[in-house]
Each structure stands twice: as C-alpha cells, then as structure tokens.
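This report refers to the structure that appears directly beneath it.
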Ligand code: FES
C-alpha cells in the first residue's frame, strides 16, 4: 500500500486535528502509524502543536517504540507471526529467513523498499501455523523455502 505524498500529509493532518490534547501522545503516533504506515516527518511540527510537546519528545517517543517509524512503508508488508503457537511450529525459522532474504530486521524494509518486515502477535490462524501475512493475506502453514521463494518474487 503506497499512498501519494500529498494524500499522506492531508490524512496525517486530519488525524492530528482530531487529537485530544489530554490523550496519550503515543496513541496519536500509533494512529498515524496504523493509518499511513509511518509517521511522516513533515507532520512532526503539527504533532508537537497538537500535543503541546517539544519536537524532541516526539522523536524520543518514536525511537522508544519499535513499531513506530519515520520511514515510509515498502510496497508490501510482511507479518511473520511471532506468537507462541507459530513459534513452536517453526515461526522463528520463518523470521530468520525473512530477515536474511530481505537483509532487514523487524520494522525495516529491504534496501529497495519493496517489503517491510514486522512481527505480529497471532494472525488468528493458529491451527495452520506457522503463519505469515503478506499485505494482510494470511498464509499458512508456511515453510522457510516457500517464504524465500515468495520474497524473491517481490524483490
Ligand atoms: S499463533 Fe500464529 S496465528 Fe496464532
């Protein structure tokens, strides 16, 4: 999912405008992350004004939360289930394969910005684990070999 830059900033402005100052700053950042796939750096000044905090506090909050990023998302989003059931069935090997093939850690994209890798706590398909979800389509049972082939096709 790639949203045009102007639409991203317009959508960020809408989300920020709806923010209630007494609410938690991380809630606002999480809303932006979930809606846009990242926190657009040009929106930091708006966030600071809405939340009544200095800009460094916002950068610090983003830095402290691995699920928040200032980097635009890749063309594809890959979740590797990191909940207990999938881990027991081989999910850790899937995560290692994804990191190796993408050359990226969790919450990062490959160098070509094609795929962003994230862990996910239970994709709701435990019986068919281990699972991944590519662009929110759950696939399982997944093997490292199948995942590598899938990712090679996206790079
Ligand atoms: S533990 Fe992976 S889908 Fe539930």
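Residue numbers (the numbering used here): -2 to 152.
Glycine is no exception: its CB is placed at the ideal position from the N, C-alpha and C atoms.
Asked, Found
"Residue 51 (DSSP reduced to helix, strand or coil)", "coil"
"Within 8 angstroms, strictly: CB atoms of residue 111 and residue 151", "yes"
"Buried/exposed call for residue 132, threshold 16 Cβ in 10 Å", "exposed"
"Identified DSSP bridge partners for residue 172", "Because the chain in this structure spans residues -2 to 152, residue 172 falls outside the shown range and cannot be described."
"Of the residues 124, 134, 14, the one placed nearest residue 46, counting alpha carbons only", "14"
"Separation of residue 33 from residue -2, as counted between CA atoms", "With a pLDDT of only 49 at residue -2, under the threshold of 50, the placement of this residue in the model should not be trusted; the figure read from the coordinates follows. Rounded to whole angstroms, residue -2 to residue 33 spans 9 angstroms at the Cα level."
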